[in-house]
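**Q** I am attaching a structure below and will ask some questions about it afterwards.
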Amino acid sequence: MRSAVNPLVQFGRFLSNRSKWVVEQWSKASGGQPELTISGNTARQQFADYLPALCQNLAKRFEKEGKTRRTENKRQGDAQAEHRWQSGYKVEEIVRELGCVRQIIAGNCLHSFARDVEEFDASARTEAETLVHAFFDDLVTATVQQFAGEKENDLAASEQNSQAILDSALDCIIVIGDDGRVREWNIAAERLFGYPRERAVGRELVDLIIPPELRARHLAGLGHYRATGEGPILGRRIELPALRADGTRLDVELSITPYRVNDRPVFTAYVRDITERVRSEARRAAQYAIASLISESKCDQKF
């Protein structure tokens, strides 16, 4: 029997009741992989103690059906980053552990829920995955920004932290300057786009991953930001095509965060591959269109 409750609200309640399970799954994942282990038993226990609150915050976001203001969620991320930094965490550890928890919730937890809830169809799951990734993107962005602010006066430490963040992140992170040239290119970006870091850094982003039909728009947007300090896509999550090194195309979800270094604008782009999701949606749309045509044809034959 189908429930009258919105499936996203249902998942929020499901997650709220599964926070202990999430902690257990994270503990197993980090315990079995040394690269996911936070340094020190005390720090590890504090992260485990924090996870139920993280799950509750995400559950509330689902229960409001994704209508929670980004500014509210941003404040949650700032509070978390400050608490953990004061407890002796390293920034790369925070980013890495959040990535691990993100995968647990967006993967195993959603899959478990989908098996038992009939109305949690492919469309609802896609929306749920988007909300999960948006939530964790906000937390990671807030964490990185706070650590950068804490270390602004210590250039050597800042550079070390920045590289650790890039290498530890599970999503692609690309940093470009206001001249459009790549400053940082993490391991995930190497895997997704096929360019090693040494080939990407120093080159214009437009020549690496931007399709020809979008290059003029990209350059115009960069020029507009230099002139006005404003950008229509900044702070938003958008979907668009991109190019790999071998020329093949893929679909990506992109969010860009601007900040300043030595009074010059710098942009951090967070990129996720959504090619399979886009293909699945296209297949479903085609199947629906065919089914509609068949249904209309049968109706015409009756008359």
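Heads up: the sequence shown begins at 193 in the working numbering, then just goes up one per residue.
Each residue gets a CB set at the ideal place from its N, CA and C atoms; glycine is no exception.
Keep in mind it's a predicted model, so treat the numbers as computed, not measured.
Give, in chain order, every unbroken run of the alpha helix (DSSP H) that is at least 4 residues long and sits entirely within the stretch 373 to 446.
**A** For the stretch 373 to 446, whole alpha helix (DSSP H) runs of length 4 or above, ordered along the chain, are 379 to 385, 389 to 392 and 404 to 420.
**Q** With distances taken between CB atoms, is the gap from Phe254 to Gly291 smaller than 9 Å?
**A** No, Cβ-Cβ distance for Phe254 and Gly291 is not below 9 Å.
**Q** Can you tell me which of the three DSSP states Asp465 falls into?
**A** If DSSP states are grouped into helix, strand and coil, Asp465 belongs with the strands.
**Q** Would you kindly report the start and end of the unbroken alpha helix (DSSP H) that includes Gly204?
**A** Residues Pro199 to Asn209.
**Q** Roughly how many angstroms separate the alpha carbons of Gly394 and Asn378, rounded to a whole number?
**A** The straight-line gap from Cα to Cα measures roughly 14 Å.
**Q** Within 10 Å of its beta-carbon, does Gln217 have 16 or more other beta-carbons around it, so buried, or fewer, so exposed?
**A** Counting Cβ neighbours within 10 Å, Gln217 comes out buried, since at least 16 surround it.
**Q** Which residues does DSSP list as the beta-bridge partners of Ile146?
**A** Because residue 146 is not part of the residues shown, which for the chain are 193 to 495, the question remains open.
**Q** From which residue to which residue does the alpha helix (DSSP H) around Phe305 run?
**A** Its alpha helix (DSSP H) spans residues Leu302 to Asp308.
**Q** Report yes if the C-beta distance between Glu431 and Ile486 is below 9 Å; otherwise report no.
**A** Cβ atoms of Glu431 and Ile486: not closer than 9 Å.
**Q** Just the C-alpha distance for Arg210 and Asn198, rounded to the nearest angstrom, thanks.
**A** In a straight line, the C-alpha of Arg210 is about 19 Å away from that of Asn198.
**Q** Leaving aside the five residues before and after Ala437 along the sequence, list all residues of the same chain whose C-beta is less than 7 Å from its C-beta, in chain order.
**A** Cβ neighbours of Ala437 beyond the five flanking positions: Phe385, Gly386 and Tyr387.
**Q** Within its chain, find whatever has a CB closer than 7 Å to the CB of Ala320; leave out the 5 residues flanking it on each side and keep chain order.
**A** For Ala320, where only same-chain residues beyond five positions count, the Cβ hits under 7 Å are Leu200, Phe203 and Leu302.
**Q** What are the residues that DSSP puts in a beta bridge with Val453?
**A** Arg456.
**Q** Classify Asp371 as buried or exposed, calling it buried when 16 or more other Cβ atoms lie within 10 Å of its own Cβ.
**A** Label assigned to Asp371: exposed.
**Q** By Cβ distance below 7 Å, which residues in the same chain neighbour Gln248 in space, the five residues on each side in sequence not counted?
**A** Ser208 and Ser211.
**Q** Quick check on Tyr480: buried or exposed, where buried means 16 or more other Cβ atoms within 10 Å of its Cβ?
**A** Counting Cβ neighbours within 10 Å, Tyr480 comes out exposed, since fewer than 16 surround it.
**Q** What number of angstroms, rounded off, separates the C-alpha of Ala434 from the C-alpha of Leu243?
**A** The straight-line gap from Cα to Cα measures roughly 35 Å.
**Q** Could you work out which residue in Pro404, His410 and Arg418 is closest to Thr440 when comparing CA atoms only?
**A** Ranking Pro404, His410 and Arg418 by Cα distance to Thr440 puts Pro404 first.
**Q** Tell whether a beta-carbon distance below 9 Å holds between Val499 and Val458.
**A** Missing from the structure shown is residue 499; the chain here goes from 193 to 495 and no further.
**Q** Work out the CA separation of Gly369 and Asp455 for me, nearest whole Å.
**A** Computed Cα separation, rounded: 12 Å.
**Q** So, for Val324: in the same chain, excluding its five sequence neighbours on each side, which residues have a beta-carbon less than 6 Å away from its beta-carbon?
**A** Hits under 6 Å: Ile297 and Ala298.
**Q** Would you check if the distance between the CB atom of Ile425 and the CB atom of Gly413 is smaller than 9 Å?
**A** Contact: yes.
**Q** Per DSSP, Ile448 forms a beta bridge with which residues?
**A** Answer by DSSP bridge pairing, in chain order: Ala461.
**Q** Using DSSP with H/G/I as helix, E/B as strand and the rest coil, what is Asp363?
**A** Note: Asp363 maps to coil in three-state DSSP.
**Q** Please return the same chain residues whose Cβ sits closer than 7 Å to the Cβ of Arg476, not counting the five positions on each side in sequence.
**A** So the list reads Ala314, once near-sequence residues are dropped.
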